[in-house]
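To keep things clear, I will list the structure first and then write my remarks on it.
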Amino acid sequence: MSLSLLFTSIGIFFVTDTDDLIVLLLLWLAAKNRRQARAIIIGQYLGIITLILASWLISRGMLHFNVAHWTHWLGLVPFILGVTGLVNWWPARHNQTLPPQLTRVVSLPLVWSLTLGNGGDNLSIYIPFFTSLTATDFSGVFLIFLVLVALWLVASHRLARSTAATTFFARFGAWLSPLLFIIVGLAILF
Numbered sequence: 067m068s069l070s071l072l073f074t075s076i077g078i079f080f081v082t083d084t085d086d087l088i089v090l091l092l093l094w095l096a097a098k099n100r101r102q103a104r105a106i107i108i109g110q111y112l113g114i115i116t117l118i119l120a121s122w123l124i125s126r127g128m129l130h131f132n133v134a135h136w137t138h139w140l141g142l143v144p145f146i147l148g149v150t151g152l153v154n155w156w157p158a159r160h161n162q163t164l165p166p167q168l169t170r171v172v173s174l175p176l177v178w179s180l181t182l183g184n185g186g187d188n189l190s191i192y193i194p195f196f197t198s199l200t201a202t203d204f205s206g207v208f209l210i211f212l213v214l215v216a217l218w219l220v221a222s223h224r225l226a227r228s229t230a231a232t233t234f235f236a237r238f239g240a241w242l243s244p245l246l247f248i249i250v251g252l253a254i255l256f
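For my numbering, count along the sequence shown from 1 and bump the result up by 66.
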């Protein structure tokens, strides 16, 4: 693998997955046990691998339908999740000890669908990028992306465990987390 391909791969990952960092931060803040933490890790990897493999197949002409056409509907998942969180928060909004909503819903299907739904930009960049790659180059890019997913998971987890983030979301998370999920959902839908 050439140095230029290495840097291009890293750049493409950062451009297409910066939005995932925010979603992962919210998921880590909501995760309360090892099962939910495991769901975040596995769901993120499954989502990214699904996007990468779909893009590879499309770039090789092996998949003849437009995957990007239906992924925007996955925006309904975070949108409905956010609306439900706000509806649950509103009647009890004056309760100072109200924990952030969403804590009980972190699951592998949720994380996977959020990653896929958030992956429209990934598809639009991966497909043309993968078209020019040999199988060997693709294998290298695939490994780089997997390593960078680990970096993203660690960075978002550490950020979620920072005093500033936990203090901020303890104070505003009950309504802000659902609101951010609504915004992410709308961004995916439209």
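We put the CB at the ideal spot given by N, CA and C, even for glycine.
May I ask which residues mark the beginning and end of the alpha helix (DSSP H) holding residue i?
{"i": "Thr202", "result": "201 to 226"}
{"i": "Asn154", "result": "142 to 155"}
{"i": "Phe256", "result": "No alpha helix (DSSP H) contains Phe256, which DSSP labels as neither H nor E."}
Are any of the Cβ atoms in chain B nearer than 8 angstroms to that of residue i?
{"i": "Ile106", "result": "Included in the structure is just one protein chain, with no chain B present."}
Compute the Euclidean distance between the alpha carbons of residue i and residue j, then round it to the nearest angstrom.
{"i": "Thr169", "j": "Met67", "result": "Any reading at Thr169 must be qualified, since the residue scores a pLDDT of 46, below 50, and its modelled position is unreliable; no value is offered."}
{"i": "Val81", "j": "Leu252", "result": "20 angstroms"}
{"i": "Ile191", "j": "Gly77", "result": "11 angstroms"}
{"i": "Val153", "j": "Leu147", "result": "10 angstroms"}
{"i": "Leu217", "j": "Gly186", "result": "21 angstroms"}
{"i": "Val149", "j": "Leu69", "result": "45 angstroms"}
{"i": "Arg126", "j": "Thr197", "result": "7 angstroms"}
{"i": "Gly151", "j": "Trp241", "result": "7 angstroms"}
{"i": "Gly206", "j": "Leu189", "result": "18 angstroms"}
{"i": "Phe145", "j": "Leu93", "result": "15 angstroms"}
According to DSSP, is residue i part of a helix, a strand, or is it coil?
{"i": "Gly186", "result": "helix"}
{"i": "Thr169", "result": "Caution applies to Thr169, whose pLDDT of 46 falls short of 50 and renders its modelled position unreliable; the model cannot decide the point."}
So, under 8 angstroms CB-CB, residue i and residue j are touching, yes? Tell me the CB distance rounded to an integer number of Å.
{"i": "Phe211", "j": "Phe79", "result": "6 angstroms"}
(request) Only counting runs of 4 or more residues, tell me where the alpha helix (DSSP H) segments fall wholly within the stretch 83 to 134, in order along the chain. (result) 100 to 125
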